[in-house]
Amino acid sequence: MDLSIVVPLFNEEESLPELCAWIDRVCEANGYSYEVILVDDGSTDSSWDVVQKIRETNPQVKGIKFQRNYGKSAALNEGFKAAQGDVVITMDADLQDSPDEIPELRRMIVVDGFDLVSGWKKKRFDNTLTKNIPSKFFNAVTRKVSNIYLHDFNCGLKAYRKKVVKSIEVYGEMHRYIPVLAKWAGFRRIGEKVVEHRARKYGVTKFGWERFVNGFLDLMSITFVGKFSKRPMHFFGLWGSLFFLAGLIMALYLIVAKLLHEEVWVTNRPAFYLALVSIILGVQLFLAGFISELVARNAPGRNAYLIEEKTGL
Ligand code: UDP
Ligand code: MG
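So the mapping is simple: the working numbering equals the position in the sequence shown, first residue as 1, plus 913.
See below:
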């Protein structure tokens, strides 16, 4: 199969028929063998009925329905598990992404050799104040932290080599950082394509301002997990030692100063409190480090390495 198109959807009943018809048009025109995987993320409207209705006339359309709303990441993850195409394309269900981009995205994977191609909504049709400006900032920080030079990490329209989606696990709200996950899984050829973006035709946006707070918290977790999940003590131990040593040196200095000449009460000196806090912090960090090591030792993925090839085995 050439192509799997994975579409996460939550209450998008009006858009689905139009979207599927459009995808079908593009794929037929290009002669692709394809499937569309519609992942209904616990919709409360009639989206699932619509999915089944579409399937009656178009058997390439397949559906997965969650029992409740788990979020876009979960929907993508299930879609990725089910996908069979050599190239996997994700797009939003709300008709903001154009299926006309599919052939070029596919070409960049198959011919240009990219592992992942991310869409870039260069000209965006969303609310400027609540989406476009925070999004610029968000992308700039993510670029800095991840060293991946994309303009639009969170674009719903992306194309992947099959191996990529089978190697990563999109959990929590990590759909914003799929390129980062892919990079950590060892896929370095990450490209970008300017894509057409359109105003939402039906329904309403499912993400509000919390996306930015959550987004940054997730960025912190993902960098921490990516770097230290297999060796947490290297993080906690380093900072724990630094704090503990700083506190210890201050405490020693206070003791020596007191013994030698000082009349002032040690508890009347600011350095005393700094030393105290520093030592306690240091010990706390060490404890966090030991506990993390215990967790890491028992984590199911502790020895899950992605093997590219083997020879003679
Ligand atoms: N979506 C989903 N589960 C959710 C929220 C959103 O599957 O809990 C889907 C939604 O139906 C759409 C896509 O994710 O297909 C992007 O959502 P939306 O268009 O609301 O985001 P925006 O374009 O406003 O960033
Ligand atoms: Mg949208």
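Using N, Cα and C, we set each Cβ at its ideal position, and we do this for glycine too.
Cβ shell of residue i (< 7 Å), same chain only, five flanking positions each side left out
i, result
"residue 931", "1008"
"residue 1085", "986, 1131"
"residue 1034", "1065, 1068, 1108, 1110"
"residue 1061", "1092, 1093, 1096, 1103"
"residue 997", "914, 917, 948"
"residue 1100", "1028, 1029, 1077"
"residue 968", "974, 976"
"residue 1036", "1110"
"residue 1018", "1002, 1030, 1072, 1106"
"residue 1088", "985, 986, 989"
"residue 1206", "1145, 1146"
"residue 1141", "1147, 1148"
"residue 1125", "1047, 1051"
"residue 983", "954, 955"
CA-to-CA distance, residue j to residue i, given in whole angstroms
i, j, result
"residue 1063", "residue 1032", "9 Å"
"residue 1188", "residue 1204", "25 Å"
"residue 946", "residue 916", "7 Å"
"residue 935", "residue 948", "13 Å"
"residue 919", "residue 1145", "35 Å"
"residue 1149", "residue 941", "55 Å"
"residue 1166", "residue 1195", "18 Å"
"residue 1161", "residue 1152", "14 Å"
"residue 1121", "residue 1071", "22 Å"
"residue 989", "residue 1138", "21 Å"
"residue 1136", "residue 1129", "11 Å"
"residue 994", "residue 1079", "7 Å"
"residue 976", "residue 1190", "56 Å"
"residue 1074", "residue 1147", "34 Å"
"residue 874", "residue 1083", "Not covered by the structure: residue 874. The range shown for the chain is 914 to 1226."
"residue 1184", "residue 1200", "24 Å"
"residue 1116", "residue 926", "8 Å"
"residue 1221", "residue 1025", "20 Å"
"residue 937", "residue 979", "24 Å"
"residue 981", "residue 1215", "30 Å"
"residue 1052", "residue 923", "25 Å"
"residue 1056", "residue 1015", "25 Å"
"residue 992", "residue 957", "20 Å"
"residue 1226", "residue 1213", "25 Å"
Span of the alpha helix (DSSP H), counted from its first residue to its last, around residue i
i, result
"residue 936", "929-943"
"residue 1150", "1146-1173"
"residue 1183", "1183-1211"
"residue 1094", "1091-1097"
"residue 1130", "1123-1141"
Residue interval of the beta strand (DSSP E) (run including residue i)
i, result
"residue 1106", "1103-1107"
"residue 1030", "1029-1033"
"residue 918", "916-922"
8 Å Cβ shell around residue i - same chain, five flanking residues per side excluded
i, result
"residue 1021", "1027, 1030, 1072, 1104, 1106"
"residue 1098", "1077, 1080, 1081, 1219"
"residue 1197", "1153"
"residue 1192", "1156, 1157, 1160, 1161, 1164"
Neighbourhood of residue i by C-beta, 6 Å cutoff - its chain only, sequence neighbours within 5 removed
i, result
"residue 1227", "For the chain, the structure presents residues 914 to 1226; residue 1227 sits outside this window and is missing."
"residue 1011", "1109"
"residue 1208", "none"
"residue 1179", "1167, 1171, 1185"
Which runs of the alpha helix (DSSP H), 4 residues or longer, sit entirely within the stretch 947-1025? 960-970, 985-995, 1015-1023
Give me the pocket residues for the ligand MG, defined as CB within less than 6 Å of any heavy atom, sorted by chain position. 1005, 1007, 1009, 1113, 1118
What are the start and end residues of each continuous alpha helix (DSSP H) run of 4 or more residues lying completely inside the stretch 1058-1084, in chain order? The stretch 1058-1084 contains these whole alpha helix (DSSP H) runs: 1075-1080.
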